[in-house]
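The sequence shown begins at 93 in the working numbering and counts up by one.
Have a look at the structure below, then the notes.
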Amino acid sequence: MKKELVIVLDFGGQYNQLVARRVRECNVYCEIYSYKTDINKIKAMNPKGIILTGGPNSCYEPDSPTYSKELFELGIPVLGLCYGAQLMMHVLGGKVEKADAREYGKTEVLIDQKDSPIFAGVHEKTICWMSHFDYISQVAPGFTITSHTENCPCASAENAEKHLYAIQFHPEVLHTQEGTTMLYNFVRNVCACNGDWRMDSFVDEQIQAIREKVGDGKVLCALSGGVDSSVAAVLLSKAIGNQLTCVFVDHGLLRKNEGDEVEAVFGPDGPYELNFIRVNAQERYYGKLKGVTEPEAKRKIIGEEFIRVFEEEAKKIGKVDFLVQGTIYPDVVESGLGGESAVIKSHHNVGGLPDHVDFKEIIEPLRDLFKDEVRKAGLELGIPDYLVFRQPFPGPGLGIRIIGEVTAEKVRIVQDADAIYREEIANAGLDRSIGQYFAALTNMRSVGVMGDERTYDYAIALRAVNTIDFMTAEAAEIPYEVLNKVMSRIINEVRGVNRVMYDLTSKPPGTIEFE
Ligand code: XMP
Numbered sequence: 093m094k095k096e097l098v099i100v101l102d103f104g105g106q107y108n109q110l111v112a113r114r115v116r117e118c119n120v121y122c123e124i125y126s127y128k129t130d131i132n133k134i135k136a137m138n139p140k141g142i143i144l145t146g147g148p149n150s151c152y153e154p155d156s157p158t159y160s161k162e163l164f165e166l167g168i169p170v171l172g173l174c175y176g177a178q179l180m181m182h183v184l185g186g187k188v189e190k191a192d193a194r195e196y197g198k199t200e201v202l203i204d205q206k207d208s209p210i211f212a213g214v215h216e217k218t219i220c221w222m223s224h225f226d227y228i229s230q231v232a233p234g235f236t237i238t239s240h241t242e243n244c245p246c247a248s249a250e251n252a253e254k255h256l257y258a259i260q261f262h263p264e265v266l267h268t269q270e271g272t273t274m275l276y277n278f279v280r281n282v283c284a285c286n287g288d289w290r291m292d293s294f295v296d297e298q299i300q301a302i303r304e305k306v307g308d309g310k311v312l313c314a315l316s317g318g319v320d321s322s323v324a325a326v327l328l329s330k331a332i333g334n335q336l337t338c339v340f341v342d343h344g345l346l347r348k349n350e351g352d353e354v355e356a357v358f359g360p361d362g363p364y365e366l367n368f369i370r371v372n373a374q375e376r377y378y379g380k381l382k383g384v385t386e387p388e389a390k391r392k393i394i395g396e397e398f399i400r401v402f403e404e405e406a407k408k409i410g411k412v413d414f415l416v417q418g419t420i421y422p423d424v425v426e427s428g429l430g431g432e433s434a435v436i437k438s439h440h441n442v443g444g445l446p447d448h449v450d451f452k453e454i455i456e457p458l459r460d461l462f463k464d465e466v467r468k469a470g471l472e473l474g475i476p477d478y479l480v481f482r483q484p485f486p487g488p489g490l491g492i493r494i495i496g497e498v499t500a501e502k503v504r505i506v507q508d509a510d511a512i513y514r515e516e517i518a519n520a521g522l523d524r525s526i527g528q529y530f531a532a533l534t535n536m537r538s539v540g541v542m543g544d545e546r547t548y549d550y551a552i553a554l555r556a557v558n559t560i561d562f563m564t565a566e567a568a569e570i571p572y573e574v575l576n577k578v579m580s581r582i583i584n585e586v587r588g589v590n591r592v593m594y595d596l597t598s599k600p601p602g603t604i605e606f607e
């Protein structure tokens, strides 16, 4: 069904996805495109509004990303953010120059034009996130300055008659305290969107669309137990019932009891109508991983083996019409199909597509959704909270949380330690506030004493990070008493461990995983 659409034109800024997510939080559907997108394509999409993102360049340099003046003459409201604001001024005849000093961080902005549509309901003095070197020294003809800061004469400007708005700071970043109000004002008031993007209607429409597409065909889905594949599976099962077959490969590298939990939900005793096949491939995986220590080699083996096991199962089923992929919108953007982002996450597409499964077409029911929207859709579908709010878990599983060779014994150790850690984080009420947390098994053994006995056992590393985009992260500040309790429970309850350490490293220079 055709939705009201706002498009984000990406000029290479790091917050492109954030802008789109914030717009969607205003119940307006939003997609990201490169600034190189042809004007005719933009016209054909008939957007209700256009947002220009920030970017690392200076708009007055000859080779910098730009857009023709025509964009601002379509009669469609345009909001320029940071680089986008400067570009709007530059293209329309204003002036942008390098400032003496960079303005960076939380900054007080003073609103000069209180009746600006963008600032409706915003305080006269408001904290915003600034990050710029260049500044707008002269606005374009027809524009008025609507706010300033101590160091920046033009923090925002507008030509309300032409529906053109420029904001030097970043309303999409949460540090901008009233940023959501400003974006809401733009998309709902200036662009006059009604707010028709809602997860309840998304779910209903998808169910309808899947039924139409699939007809009486057969559909095959690889279920990992993660949020995306679980939501996709339930959506399909609601649409087409047992025309759907889900294959769940237990590679023996899942968290403690996870295989049984997945089976309890999707298996024959669970609430959904579908064909569920669980493949217990633990021994096969441990065999393949024997003696392998290098992390990328482990990833490759786990990914490839997954495809082989899946193919073997698929062959038993015979010809299927559709194969389900749990692709979500950030995968689309990061694989270079939207915006300006380079291919960042290729290694996360574990193993790619199976070569030898006989199917006609791929279905990607979550392709338009951000992660938080997948979760909302999951709740709409009545999927249990503990599945919907599962933290991210890498495809290669515990295989990349065990340093060195993977063995059944090491898997048992890290599973038990991780289960204790998760339990205590939940007991402390921290489970929803930390981005990602887990226990990993270092390959280090050292001497300890337990009772009267000397031990020579492994060290467990506890990791917990807060992150917005998983590209940068900070170690989470977990209260000492919680860490202490986790340490003492792991030492007492997990055979084979005599030390517990907390990893303080941020990303960069570290990574989130511990491999
Ligand atoms: P890193 O360790 O690269 O992790 O800082 C960033 C995010 O990506 C996840 N991750 C993976 N996910 N296959 C996946 O499906 C992988 O090989 C993989 N490696 C890392 C990691 O859990 C974190 O959320």
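Think of the CB as a built atom: it goes at the ideal place given N, C-alpha and C, for glycine as much as any other residue.
- Buried is the label assigned to leucine 381, since at least 16 other Cβ atoms lie within 10 Å of its Cβ.
- Cβ-Cβ distances below 7 angstroms link glutamate 350 to Gly317 in the same chain, with the five nearest sequence neighbours on each side left out; the list follows chain order.
- Looking at the DSSP output, lysine 411 sits in no beta bridge, so it has no partner there.
- By the C-beta density criterion, leucine 479 is buried, having at least 16 other C-beta atoms within 10 angstroms.
- Within the DSSP bridge table, the entry for asparagine 558 names Glu566 as partners.
- Segment contact: the stretch 216-230 against the stretch 238-253, three or more CB-CB distances shorter than 8 angstroms; contact assigned.
- Judged by DSSP in its simplified three-state form, threonine 385 adopts coil rather than helix or strand.
- DSSP, read as helix, strand or coil, puts glutamine 417 in coil.
- Nearest in C-alpha terms to lysine 135, of all of Arg546, Pro169 and Asp288, is Pro169.
- One Cα belongs to threonine 158, the other to isoleucine 142, and the distance between them is close to 15 angstroms.
- The criterion of a C-beta distance shorter than 8 angstroms is not satisfied by leucine 184 and alanine 247.
- Look at valine 265 here: in three-state DSSP terms it is coil, with no helix or strand label.
- Taking C-beta separations shorter than 7 angstroms and ignoring five residues to either side along the sequence, the partners of lysine 502 in its chain run Ile494 and Leu533, following chain order.
- Taking isoleucine 409 as reference, the option from Asp342, Thr337 and Glu355 with the minimal CA-CA separation is Thr337.
- Beta-bridge annotation (DSSP): methionine 542 is paired with Glu545.
- Three or more Cβ pairs closer than 8 angstroms define a contact, and the stretch 107-124 meets that threshold against the stretch 273-283.
- Per DSSP, reduced to three states, the secondary structure at asparagine 286 is coil, with no helix or strand assignment.
- Ranking Trp289, Gly287, Arg514 and Phe103 by CA distance to the CA of arginine 347 puts Arg514 first.
- The beta carbon of asparagine 286 lies closer than 6 angstroms to none in the same chain, with the five residues before and after it left out.
- If only uninterrupted beta strand (DSSP E) runs of at least 3 residues are considered, those enclosed by the stretch 297-375 are 311-315, 336-342 and 367-372.
- A straight line joining the alpha-carbon of alanine 325 with that of leucine 179 spans about 44 angstroms.
- Of the residues assessed, threonine 564 falls on the exposed side of the cut-off, its CB having fewer than 16 other CB atoms within 10 angstroms.
- Minimum Cα-Cα distance from valine 466 among the listed residues Gly147, Ala331 and Leu327 corresponds to Leu327.
- Here serine 293 carries a helix assignment [DSSP, helix/strand/coil].
- With a threshold of 7 angstroms, the Cβ atom of isoleucine 409 does not count as near the ligand XMP, since no heavy atom of the ligand is closer than that.
- For arginine 116, the enclosing alpha helix (DSSP H) has its first and last residue at 108-117.
- Annotation for histidine 215: Ile203 and Glu270 place their beta carbon closer than 8 angstroms to its own, counting only its chain and skipping 5 residues before and after.
- Your pair isoleucine 420 and leucine 461 checks out as a contact, with CB atoms roughly 6 angstroms apart and the cut at 8 angstroms.
- Judged by DSSP secondary structure, glutamine 230 falls outside any alpha helix (DSSP H) and instead within the beta strand (DSSP E) spanning 217-230.
- Here serine 329 has Leu336, Tyr364, Glu365 and Leu366 as same chain residues with Cβ atoms under 7 angstroms from its own Cβ, once five neighbours each way along the sequence are excluded.
- Taking C-beta atoms under 8 angstroms as the contact rule, leucine 312 and valine 339 qualify, at a distance of about 7 angstroms.
- Within a 10 Å sphere around the beta-carbon of tyrosine 572 sit fewer than 16 other beta-carbons, which makes this residue exposed.
- With fewer than 16 other Cβ atoms from the protein chains shown falling within 10 Å of its own Cβ, serine 293 counts as exposed.
- Sequence-distant partners of aspartate 450 (beyond 5 residues in either direction) whose C-beta falls short of 6 angstroms from its own C-beta, in its chain, are Lys411.
- Under the DSSP assignment, glycine 141 falls in the beta strand (DSSP E) whose first and last residues are 141-144.
- When DSSP states are grouped into helix, strand and coil, phenylalanine 103 belongs to the coil group.
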